[in-house]
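A.B. asks: Protein chains in written order, with the UniProt record's numbering: chain A, 1 to 398; chain B, 1 to 605.
Yeah, the Cβ is synthetic: ideal placement off N, Cα and C, and Gly gets one too.
#1: Does the segment 72-80 of chain B come close enough to the segment 150-162 of chain B that 3 or more CB-CB pairs lie under 8 Å?
#2: Does the beta-carbon of residue 507/B have 16 or more other beta-carbons within 10 angstroms, so that it is buried, or is it exposed?
#3: Given a cut-off of 9 Å on the beta-carbon distance, is the pair residue 189/A and residue 583/B in contact?
#4: Return the CA-CA distance between residue 191/A and residue 490/B, expressed in angstroms with no decimal places.
#5: What in chain B is Cβ-close to residue 193/A, meaning under 8 Å?
#6: In this structure, how does DSSP classify residue 242/A when only helix, strand and coil are distinguished?
#7: For the beta strand (DSSP E) containing residue 160/B, name the first residue and the last one.
#8: Along the alpha helix (DSSP H) that carries residue 192/B, what are the first and last residues, could you check?
#9: How should residue 178/A be labelled, buried or exposed, when 16 other C-beta atoms within 10 angstroms of its C-beta is the threshold for buried?
#10: Between residue 345/A and residue 327/A, is the Cβ-Cβ spacing less than 9 Å?
#11: Verify the contact flag: residue 176/B, CB atom, against every heavy atom of the ligand ADP, threshold strictly below 8 Å.
#12: Applying the criterion that 16 or more other CB atoms from any shown protein chain within 10 Å of the CB defines a buried residue, is residue 162/A buried or exposed?
#13: Counting only beta-carbon atoms, is residue 162/A nearer than 9 Å to chain B?
#14: Residues in its own chain within less than 7 Å of residue 405/B by CB, not counting five upstream and five downstream?
#15: Please report how far the alpha carbon of residue 389/A lies from the alpha carbon of residue 228/A, in whole angstroms.
#16: Kindly indicate if chain B contains any beta-carbon less than 9 Å away from that of residue 208/A.
#17: Run through chain A and tell me which residues come within less than 9 Å of residue 510/B, C-beta to C-beta.
#18: Using 8 Å for Cβ pairs, my map puts residue 296/B next to residue 447/B. What's the rounded Cβ distance?
#19: Which residues in the same chain have their Cβ closer than 7 Å to the Cβ of residue 86/B, if we skip the five residues on either side of it in sequence?
#20: What runs of the beta strand (DSSP E), each 3 residues or longer, lie entirely inside the UniProt domain "Plastocyanin-like" (472-592) of chain B?
#21: Is the shortest distance between the beta-carbon of residue 363/A and the beta-carbons of chain B less than 9 Å?
#22: Name the two residues that bound the continuous alpha helix (DSSP H) containing residue 374/A.
#23: Any beta carbon from chain B within less than 9 Å of residue 316/A's own beta carbon?
#24: I need the boundaries of the beta strand (DSSP E) containing residue 213/A, first residue and last residue.
#25: Closer than 9 Å, CB to CB, is residue 220/A near chain B or not?
#26: Examine the Cβ distances between the segment 328-336 of chain B and the segment 236-249 of chain B and report whether three or more of them are shorter than 8 Å.
#27: Do the segment 512-530 of chain B and the segment 459-479 of chain B meet, that is, are 3 or more Cβ pairs less than 8 Å apart?
#28: Since residue 531/B and residue 562/B are thought to touch, with beta carbons under 8 Å apart, how far apart are those beta carbons, to the nearest angstrom?
#29: Could you say if the segment 113-130 of chain B and the segment 245-252 of chain B meet the contact criterion of at least three C-beta pairs nearer than 8 Å?
#30: Which residues does DSSP pair with residue 321/A in a beta bridge?
#31: Check for me: the beta strand (DSSP E) holding residue 58/B runs from which residue to which?
#32: Strictly below 8 Å CB to CB, what residues from chain A border residue 589/B?
#33: With a CB to CB cut of under 8 Å and the five nearest residues on each side skipped, what residues in its chain are close to residue 49/B?
#34: Just the C-alpha distance for residue 79/B and residue 109/B, rounded to the nearest angstrom, thanks.
#35: Given a limit of 7 Å on CB to CB distance, which residues of the segment 318-330 of chain A reach chain B?
#36: Please list the segments of the beta strand (DSSP E) lying wholly inside the segment 233-308 of chain A, counting only runs of 3 or more residues, in order along the chain.
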């Protein structure tokens, strides 16, 4: 039952790969299997290292057979006092130092000039565990003629074969494999997702009649291409819907954070209007959620809108969301009350609480301004071009 | 005896066992705590030349939370499969689900057609069918595990441990020998989790930075993270907000205990059978030895804590002192823990420490590893490739500080010109590591500053010599790529859907150095089926540790040498279940051996 002890002692001496060859006296008293120590010593002598006789003094605690069979040959040899500085390395061609850790070695006196064939490619020169240690002075190392040839990059040799992976067909038959192979492809990256979000579904308290607003969107599709739909509308309770629209868009990922969207918008109120839509939607730096689109109507009118929202997390569930929306127009559209240039601006601030990530009631305030010619149109229609809404709503998705 | 896997040495040699067995709690004798037809926690043991396993499903309750589970032989985890090195085994697996299923034998060397990956190695097991895995004489001993490779069944409970008894004397001798399999329970359906991950950025993260948090982040740091559209708190995708972390199928309040007598040496075979969780494992107040990694013996390393990636296994040996000791398996983001007790008598408990503060991602995790100035390489060392020399300063204080005083404004976090030409640049890549240094000396997220010794891959040294000491004839680089916002994950920017007919190819018996470069801010446990590869971790060439799964730290790289000597098609993937399911999966094809002669290797007679 004490075999493990022996093994542990034998092995917890500085592991060979971390050994420091800067001084050669083999410290006695370590406890490897003795014969292995002697073999190791013999190997070092063969390399021209001086190994004093008696370095393999009998272990204080004899190793059992089980441990002895597995203990590493280097395990009991402390190389920490080895001194290579006087060695002539001139004939050490072909030595593989590939896994030696030279982190504490002093190379400054070594002549490496003839060590051809050395593979330093994976030498652990790191100072990871020794933050106070000065960087290794490679400048003084005579690496002159060392062969540092890296392992070549390259494609597999011709004997690696070609074509799709079909090894299982030979065992189970191509027909038997087909269904699972198709399923695997779909499952590992080919899934489609349906998402529906009510970004704003709210009651709006304001002068001249409380109203309501909806702003919903969703998609169905894969990571790159999706069918995206959006709908927005508002009105005053007891009256006809003031404005309402619906969009159907093809959405294509054009970067890690941005989708290009193109499609059709149908206005559901007011004069009959259908628009072609092109826009981008995504996440801007500082995590602004941005939705910008331009519209060309079937009457030839060009308009645009830009929305941005920013979620500011106050606690894990309480969020403050500033929001801005700007509408633009390329021309006056009197029947819609839209003037050329800047048409309207909305600024909102909503405070929401995520009862669940998917369900977050909110309160907030939103200020709308009609601007320029649009403001004049509003005046003519007997409306106030500036309107303050106190809102109560819920943001949800599934 | 289902739970307390006392070794036969112990059975033969000890009289204390009887008392222990009598004290077994009800669940350990196979009784059903939850009544009528629900699934048992914990596992029985199956052994022998012919083993029968049945995949079923049912309701499951963990600490009062109810969910649906898939269970094998009626328990979660499923039974411990105990095998013998040098002996063949026939495993007859019956699927009683109404969908296809499978079992993959994680870590076992076997003919590829019995590896258990539907669509790669075999057609899968249809509902109502029995499939026989006819596995020839096993070529290894050690600790492994099995799990479903169909859909997301693994998350629902379809997994269990494997112990292969070595043919010769086990170099690890212990008085007690236990399996500790870590996993997660969630009341959510796995497809619901996948869905939420796709739609809701940070959905499961309730440790995000807020106006009210006390993270050590300056205003400048916070703006920098916001500018990058990333979160410093993005440590694990799925967290304790839905998971109850399980030790052998039991929640932390359900009292899993491993009995010992004072002075005894206890071997724990720790398996991370979770779907999405890295665990930090420690036994407060106790040092222990790591003696095995991924089933392979390593030279014992004395440590106080280690991080285990999903699908890895570690064998540790501990000599517990006192009445009881708590084994803490804290999720890497510290949103929860699995707990077990080393108990000198039934029911005795030690203090369970509170969760530590959640960690933050650092500069190094973004792939920004600044080698301090002052390295004078002289004029004649031009052309030296230091990138492979492991001049890794990443663990040094300055680099590990979260953003300390760095002006990041000019930095391009997505310089795609740094990518090799075979990486497909597109929406699926939201970051490119600027300076991906080897991070195999890294203890793992959040463990770089703990005041005790934590295991790193550089501590692992194989106990027995490896058999193939050839210098690799070529090297290749595989980039781990992703987009957090869209929840896309891939190798080389290409989801499996794009490369399902274009596998990674190796010639038979080819020796290749594979460098995995992580261009994401998440740690990925990358698993190659049917092989062991050797970590190029600075250990002597003949003692590079053999593993089947390697963690590639965020923004860094990990390198292994592979001898591709198992012919056939093999899955190669990130073992975070939802990353794999999002596309981080590939097939490795090893050409048939044909009439090539058997290769004589170092150490062979």
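C.D. replies: On the basis of the coordinates in this document:
#1: Flag = yes, the segment 150-162 of chain B and the segment 72-80 of chain B touch.
#2: With 16 or more other Cβ atoms within 10 Å, it is buried.
#3: Their beta carbons are under 9 Å apart, which means residue 189/A touches residue 583/B by this criterion.
#4: Taking the straight line from one Cα to the other gives about 14 Å.
#5: Within chain B, the residues whose beta carbon sits less than 8 Å from that of residue 193/A are 195, 198 and 199, listed in sequence order.
#6: In the displayed model, residue 242/A falls within a strand according to three-state DSSP.
#7: 159-165 is the span of the beta strand (DSSP E), which, as asked, contains residue 160/B.
#8: Where residue 192/B is concerned, the enclosing alpha helix (DSSP H) stretches over 190-199.
#9: Per the 10 Å Cβ criterion, exposed.
#10: For residue 345/A and residue 327/A, yes; Cβs fall inside 9 Å.
#11: In terms of ligand content, the structure shown is empty, and the ligand ADP therefore cannot be addressed.
#12: So residue 162/A ends up on the exposed side.
#13: Put simply, the CB of residue 162/A is near chain B, with a gap under 9 Å to one of its CB atoms.
#14: Summary for residue 405/B: the model assigns pLDDT 42, below 50, so the residue's position carries little reliability; its value from the coordinates is reported in the next sentence. Apart from the 5 residues on each side of it in sequence, residue 405/B has no Cβ closer than 7 Å to any other Cβ in its chain.
#15: Taking the straight line joining both Cα atoms gives about 29 Å.
#16: No, residue 208/A lies away from the interface with chain B (no Cβ there is under 9 Å from its Cβ).
#17: 156, 157, 159 and 160, listed in chain order.
#18: Contact annotation, residue 296/B with residue 447/B: C-beta distance approximately 23 Å; criterion of less than 8 Å not satisfied.
#19: 137, 138 and 167, listed in sequence order.
#20: Segments of the beta strand (DSSP E) lying fully in the UniProt domain "Plastocyanin-like" (472-592) of chain B: 474-483, 488-491, 504-506, 510-518, 524-528, 533-535, 549-552, 557-564, 568-574 and 585-590.
#21: No, because no Cβ of chain B sits closer than 9 Å to the Cβ of residue 363/A.
#22: Here the alpha helix (DSSP H) through residue 374/A covers 373-380.
#23: So yes, residue 316/A belongs to the interface.
#24: It spans 211-221 - the beta strand (DSSP E) in which residue 213/A sits, taken as one unbroken run.
#25: It does not: the Cβ of residue 220/A has no partner Cβ on chain B nearer than 9 Å.
#26: In short, these stretches touch, since the Cβ pair count reaches three.
#27: The segment 512-530 of chain B and the segment 459-479 of chain B touch, with no fewer than 3 CB-CB distances between them shorter than 8 Å.
#28: At roughly 6 Å, the Cβ-Cβ gap stays under 8 Å, so residue 531/B and residue 562/B are in contact.
#29: Contact fails: fewer than three Cβ-Cβ distances are below 8 Å.
#30: Partner(s): 350/A.
#31: Its beta strand (DSSP E) spans residues 50-62.
#32: Neighbours of residue 589/B on chain A, chain order: 160, 161, 165 and 167.
#33: Cβ contact annotation for residue 49/B (same chain, cutoff 8 Å, sequence separation greater than five): 87, 88, 89 and 90, in chain order.
#34: Annotation: residue 79/B to residue 109/B spans about 20 Å, alpha carbon to alpha carbon.
#35: Going along the segment 318-330 of chain A in chain order, one finds no residue with a Cβ nearer than 7 Å to chain B.
#36: If only uninterrupted beta strand (DSSP E) runs of at least 3 residues are considered, those enclosed by the segment 233-308 of chain A are 241-253, 258-267, 274-284 and 288-297.
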